[in-house]
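Peer 1:
In our numbering, the protein residues as written are -13 to 490.
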């Protein structure tokens, strides 16, 4: 019985021990290192890049293993790495017998990439394994974050994809020159399959040390590491395809549809008449309301510009310019954006044939004798009202609840938060006022203003606000513009001006 108990205890310990040791793995560097099913007996990780990356160097059995060292274009490691025993030269670096682009360095064959028969990854591991291209190494460098760290006591870089968060570890294996193994634990040197065009003695590789990573040029005879890849070569691996689609109601453009990874690209939407821009979406999810919209290209993406018909309030259209209020598309009394519409003295709600002090509703027949909206006794009866009451607001009275005349602050906002383009709409001059925030716009036609019984300054625009001038009760603030300037100023209250209404 004692013997049986001893066996059972031993079995229990053997069962529990792997669980204990597994739960107490102190190698924190495994975070993000997610090997997938092995290919041809060798594991790889999908970093979301154009190729899959092996988890180990050629000749190694674990990620932190240094593996073997290879001269560029050779498929076997060796004890010495010098020109005298380099496979593709005639004893000297000036007499290349293969992979040569200039007679200055030997026999020209114009081969600038390693053939698969000379590819150490392919000959060692078989299948579709191969040495990475220069572009693929650069893709790894720029599309991943590089953290200098240690794995099981070995210095190197944890290389983490910016795209999907998966990682590989590249040990600082150093390199071999002649009979010497140099910079072990200090640098990593990983060959590409690409010759240097201007010097056939050199080939491209990625160089890494604690302070930097960069593409570099290495002497072909030296022994360096190889981290294999599998997958079809993609010459556009460092480029992102950016395209745009739209809903009904507008067009969209992109500043460049084939951009380098990490570069900025600008999208711009242009709504058609009667429509306004809403937002940009990717796969149905909103990414921005800005227009133009500048993004950093991290992957190929299709952006969709969404438009909708202009909204209506009491039968009148308005546009969202991304400002504090929505702006009507037409003047009060107009049916199209280019029409002047009706003219109103400030604080009056009906049009008339003459506009002068003698018939101004809140005057006493003379300039400076006001019965309402006055802040100084020298101009009349002081009531300190500086903003039109809704019963005296031409927009509210004519268009109904929700509409009103803009305040001076809202006219200032229209000036500063929009781009003003002198334009022509159906033969009528004016300004196309385009939001800096979302790209939507309104058209403000030149209107002049009524003085007594005629329109004056017909090549200018003049639109009343709802605010009295703070310095002189004879005047009210308005939005004025000519072909070469726009401003917020003040005009006499009895003048007749158009009104461009706003709503919340």
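Ideal Cβ placement from N, Cα and C applies to all residues, glycine included.
What is the residue span of the beta strand (DSSP E) that residue 396 lies within?
Peer 2: From DSSP, residue 396 is part of no beta strand (DSSP E) but of the alpha helix (DSSP H) over 394 to 402.
Peer 1: Would you say residue 401 and residue 450 are within 8 Å of each other, going by their C-beta atoms?
Peer 2: Not a contact, by the Cβ cut-off of 8 Å.
Peer 1: Determine the direct distance from the alpha carbon of residue 282 to that of residue 310, and round the result to whole angstroms.
Peer 2: 29 Å
Peer 1: Identify whether residue 69 lies in helix, strand or coil by the three-state DSSP scheme.
Peer 2: helix
Peer 1: Taking 8 Å as the cut-off, decide whether the C-beta atoms of residue 306 and residue 426 are in contact.
Peer 2: yes
Peer 1: What are the boundary residues of the alpha helix (DSSP H) that includes residue 115?
Peer 2: Secondary structure note for residue 115: it is in no alpha helix (DSSP H), with a DSSP letter that is neither H nor E.
Peer 1: Taking the straight line between their C-alpha atoms, what separation do you get for residue 419 and residue 243?
Peer 2: 28 Å
Peer 1: Could you work out which residue in 207, 185 and 49 is closest to residue 65 when comparing CA atoms only?
Peer 2: 207
Peer 1: DSSP state of residue 390, grouped into three classes?
Peer 2: strand
Peer 1: Please list the terminal residues of the continuous alpha helix (DSSP H) segment that includes residue 384.
Peer 2: Residue 384 -> alpha helix (DSSP H) spans 380 to 385.
Peer 1: In the DSSP assignment, find the unbroken beta strand (DSSP E) run with residue 182 in it and report its ends.
Peer 2: First-last for residue 182: undefined, no H or E at that position.
Peer 1: So residue 228 packs on residue 245, CB below 8 Å; how close in whole Å?
Peer 2: 6 Å
Peer 1: Just how far apart, CA to CA, sit residue 238 and residue 471?
Peer 2: Their backbone Cα atoms lie some 29 Å apart in a straight line.
Peer 1: By Cβ distance below 6 Å, which residues in the same chain neighbour residue 13 in space, the five residues on each side in sequence not counted?
Peer 2: Low local confidence applies: a pLDDT of 44 at residue 13 is under 50, so the model's placement there is unreliable, with the coordinate-based value given in what follows. Cβ neighbours of residue 13 beyond the five flanking positions: none.
Peer 1: Identify every run of the beta strand (DSSP E) within the segment 281 to 362, keeping only runs that are complete inside it and at least 3 residues long; order them along the chain.
Peer 2: 287 to 295, 297 to 299, 302 to 305 and 312 to 314
Peer 1: The beta strand (DSSP E) that contains residue 254, what's its start and end?
Peer 2: 250 to 257
Peer 1: Keeping to the same chain, check which residues put their C-beta closer than 6 Å to that of residue 220; ignore five residues upstream and five downstream.
Peer 2: 36
Peer 1: DSSP on residue 78, reduced to helix/strand/coil?
Peer 2: Looking at residue 78 - three-state DSSP - the assignment turns out to be coil, as it is neither helix nor strand.
Peer 1: Excluding five sequence neighbours on each side, which residues of the same chain lie with their C-beta closer than 6 Å to the C-beta of residue 361?
Peer 2: 370 and 459
Peer 1: How would you write the range of the beta strand (DSSP E) that residue 154 sits in, first residue to last?
Peer 2: 153 to 157
Peer 1: Please state whether DSSP places residue 412 in a helix, a strand or coil.
Peer 2: coil
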